[in-house]
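Peer 1: Handing you a structure now.
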Amino acid sequence: MRNSIISSAVAVLAATSFAASAAAPAAPSLTRVMVVADASDESSDLLTVAVAGTPLQRTLGGRVAVLPMRDMHDAMRATRTGEYDVIVGPAHVAASALVYGYELIGSTAGQTKYVLVGAPSVKSLADLKGRRAYFPAQDSMRSYVARGLLQEAGMTPRTLKQVTYGQTSGAGLISMTGGGSEATIALESEWNEWSKSHPKSGVVLATSRDMPSGVTVVVKKDTPDAVRRAVMQWLASPDNLVPNAGRVVSASNAAPYDYVAGLGLFTPTDLKGVTRVTAKQAFELSQKGARLVDVRTEREYNAKHARGSILIPYGEKSLKALDFDSKTDSFGGLSKLDKSQPVVFFCNGAECWKSYKASKVAADSGFTSVYWLRGGMPEWTTENLPTNP
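Residue numbering for the sequence shown follows the working numbering, starting at -10 and increasing by one per position.
What follows is the structure, given as structure tokens:
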């Protein structure tokens, strides 16, 4: 049933966007809206926003493109690149957007907690070392929180013997109770209900703080008031939500998202054997002969890149963790570079691990002068440094 709702919502969103663009009169600008669904979370109401009959296109004169997004990795990337004027999504997507120049305007008011649960044989969080866990998709909210809870204890997913990343959240408790895994992540409310019907099936190893639940709405800080009002009218209308979904209300207190933003996906601030630099310092180094190496995707590079930089994509398969396994990644283009020439690696900001990994791989491979622009293209753009196209 949940999948049919999601599929229907996606279809309606796409159809509405197409109709809006087809019928829209000429206008000076296009408002781009991304609606993000955490598809691995069965309790998520992030795609229950029904846009049939939405006033958004009418209010804004039809110059609106609404994109339903189910690829969480791409959604997180988009928060850093600023491709969308409006983002509707789960708390961790919103938290990332707030870091990169967006502003909170609404949410489905409410708080929730997550718990990292272990099988009865697991006595503590430290006892998870060498054991098996089930988490939803890597970029899902739940896995985001799970990594954060592990990190608070000085652990990473690689500390465990095996982590299975599934497509649904509900399978975690089933897997753990059935012996398929020894730990999983769940909403505290889900665990409370589960433990009532499955007594002594597990123990709570760690609990997150309260964090925003449901849908969050953020906009670029320069978004016109008319667009803000239209978006809130669209999302707050009872006609635009399926039954039992939270109502979107105005919100401006972004403080609860600070905790979410720090839950494990940000790169470290330092890297042994590598010099971290600012965008201005990277530019100055390039003027002195250093090679600027963009490790993002070809699509991102073609959209906008630092002038004078070259593209060597970092094919990321490994986990976003300090102890990532570089052997699972692909970075063959590194061999084309001169190890004696200074190199500056960068990607999409502090949450993008590709440049961190590229810098470490280069340093471990014998490059003599490796620099890391942690702020990446967002910082380069903010500093108004030269770009192409």
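We put the CB at the ideal spot given by N, CA and C, even for glycine. Quick caveat: nothing in here was measured; it's all calculated off a predicted structure.
Identify the residues that DSSP records as bridge partners of Leu300: which are they?
Peer 2: DSSP lists Asp283 as partners of Leu300.
Peer 1: Checking the sheet assignment: what are the DSSP bridge partners for Tyr89?
Peer 2: Its beta-bridge partners do not exist; DSSP assigns none.
Peer 1: Is the separation between the beta-carbon of Val333 and that of Ala292 shorter than 8 Å?
Peer 2: Contact: no.
Peer 1: Measuring straight from C-alpha to C-alpha, what distance separates Arg52 and Phe356?
Peer 2: Going by the C-alpha atoms only, they are around 50 Å apart.
Peer 1: What's the C-alpha gap between Ala347 and Val284?
Peer 2: Taking the straight line from one Cα to the other gives about 8 Å.
Peer 1: Got a sec? Which residues, its chain only, sit under 7 Å from Ser10 by beta carbon, not counting five neighbours each side?
Peer 2: Summary for Ser10: the model assigns pLDDT 43, below 50, so the residue's position carries little reliability; its value from the coordinates is reported in the next sentence. For Ser10, where only same-chain residues beyond five positions count, the Cβ hits under 7 Å are Ala54.
Peer 1: Let me make sure I understand the geometry here. Which of Met366, Pro79, Ser307, Asp116 has the alpha-carbon closest to that of Met58?
Peer 2: Residue Pro79 is the option with its Cα nearest to Met58.
Peer 1: Which residues share a DSSP beta bridge with Tyr360?
Peer 2: The partner list for Tyr360 (beta bridge, DSSP) reads Thr264, Val333.
Peer 1: From Arg136, Gly155, Glu141, pick the residue whose C-alpha is nearest to that of Arg147; which is it?
Peer 2: Taking only the C-alpha atoms, the option nearest Arg147 is Arg136.
Peer 1: Around the Cβ of Glu273, are there at least 16 other Cβ atoms within 10 angstroms (buried) or fewer (exposed)?
Peer 2: Exposed, because fewer than 16 other Cβ atoms sit within 10 Å of the Cβ of Glu273.
Peer 1: Over what stretch of residues does the alpha helix (DSSP H) that includes Ala122 continue unbroken?
Peer 2: No alpha helix (DSSP H) contains Ala122, which is instead part of the beta strand (DSSP E) from 121 to 124.
Peer 1: Can you check whether the CB of Ile76 is closer than 8 Å to the CB of Ala84?
Peer 2: No, they are not a contact pair.
Peer 1: Using 10 angstroms around the beta-carbon of Gln46, count the other beta-carbons present and answer buried if the total reaches 16, otherwise exposed.
Peer 2: Under this definition Gln46 is a buried residue.
Peer 1: Give the list of continuous beta strand (DSSP E) stretches no shorter than 3 residues that lie fully inside the stretch 132 to 217.
Peer 2: Runs of the beta strand (DSSP E) inside the stretch 132 to 217: 151 to 154, 172 to 176, 192 to 196, 205 to 209.
Peer 1: Which residue's Cα is closest to the Cα of Tyr103: Thr317, Ala244, Asn181, Arg120?
Peer 2: The shortest Cα separation from Tyr103 among Thr317, Ala244, Asn181, Arg120 belongs to Asn181.
Peer 1: Does the structure place the stretch 244 to 255 close enough to the stretch 115 to 127 that three or more beta carbon pairs sit under 8 Å?
Peer 2: At 8 Å Cβ cutoff, the stretches do not touch.
Peer 1: Is Pro257 buried or exposed, if buried means 16 or more other CB atoms sit within 10 Å of its CB?
Peer 2: Exposed is the call here.
Peer 1: Which ranges would you report for the alpha helix (DSSP H) in the stretch 97 to 123 if only whole runs of at least 4 residues count?
Peer 2: As far as the stretch 97 to 123 is concerned, it has no whole alpha helix (DSSP H) run of at least 4 residues.
Peer 1: Mapping the DSSP letters down to three states, classify Pro245 as helix, strand or coil.
Peer 2: Helix at Pro245.
Peer 1: What is the rounded straight-line gap between the Cα of Ala310 and the Cα of Leu224?
Peer 2: Each residue's Cα considered, the two are about 36 Å apart.
Peer 1: Kindly indicate which residue of Ala271, Tyr345, Arg265 has the alpha-carbon position closest to the one of Tyr303.
Peer 2: Checked all of Ala271, Tyr345, Arg265; the closest Cα to Tyr303 is Tyr345.
Peer 1: Between Ala16 and the rest of its own chain, which residues show a CB-CB distance below 8 Å, the 5 nearest in sequence each way excluded?
Peer 2: Residue confidence for Ala16 is low, a pLDDT of 46 falling below 50, so the modelled location carries little weight; the figure read from the coordinates is stated next. So the qualifying residues of the chain are Gly50, Gly51, Arg52.
Peer 1: Answer with buried or exposed for Thr173, where buried requires no fewer than 16 other C-beta atoms within 10 angstroms of its C-beta.
Peer 2: Burial call: buried.
Peer 1: Flag this pair as touching only if the stretch 61 to 75 and the stretch 88 to 99 have three or more C-beta atom pairs under 8 Å; answer yes or no.
Peer 2: Touching, yes, given that three or more Cβ pairs across the two stretches are closer than 8 Å.
Peer 1: For Ala310, name the three-state secondary structure that DSSP assigns.
Peer 2: Coil.
Peer 1: Could you name the residues of the same chain whose beta carbon sits closer than 6 Å to that of Arg21, not counting the 5 residues immediately before and after it, in chain order?
Peer 2: Ala54, Tyr73, Asp74, listed in sequence order.
Peer 1: Out of Ser29, Ala295, Tyr123, which has the shortest C-alpha to C-alpha gap to Leu149?
Peer 2: Considering only alpha carbons, the answer is Tyr123.
Peer 1: Report buried or exposed for Pro109, applying the criterion of at least 16 other Cβ atoms within 10 angstroms of its Cβ.
Peer 2: Exposed, since its Cβ has fewer than 16 Cβ neighbours within 10 Å.
Peer 1: From Lys210 to Ala98, what does the alpha carbon distance come to, in whole angstroms?
Peer 2: Computed Cα separation, rounded: 21 Å.
Peer 1: Just to confirm, does Val266 get its C-beta within under 7 Å of one of the non-hydrogen atoms of the ligand NAD?
Peer 2: The model on display carries no ligand, and the ligand NAD is accordingly not part of it.
Peer 1: Please tell me whether Ser281 and Ser298 are closer than 8 Å, where the distance is taken between their beta carbons.
Peer 2: Inspection of the sequence shows that residue 281 is occupied by Leu rather than by Ser. Contact flag set, yes.
Peer 1: Cβ of Arg296 within 8 Å of Cβ of Asn377?
Peer 2: Against a cut-off of 8 Å, the Cβ pair of Asn377 and Arg296 comes out as a contact.
Peer 1: What does a CB cutoff of less than 7 Å around Val350 pick up in its chain, not counting 5 residues either side in sequence?
Peer 2: The answer, listed in chain order, is Ser315, Phe320, Leu323.
Peer 1: Mark Ala244 as exposed unless 16 or more other C-beta atoms lie within 10 angstroms of its C-beta, in which case mark it buried.
Peer 2: So Ala244 counts as exposed.
Peer 1: With a threshold of 6 Å on Cβ separation, who are the neighbours of Pro14 within its own chain once the five nearest residues in sequence on each side are excluded?
Peer 2: Unreliable positioning characterises Pro14 in this predicted model, as indicated by a pLDDT of 44, which lies under 50. The coordinate reading is nonetheless provided below. Nothing meets the Cβ criterion.
Peer 1: Between the C-alpha atoms of Pro331 and Thr371, what's the straight-line distance to the nearest angstrom?
Peer 2: Whole-angstrom Cα-Cα distance: 24 Å.
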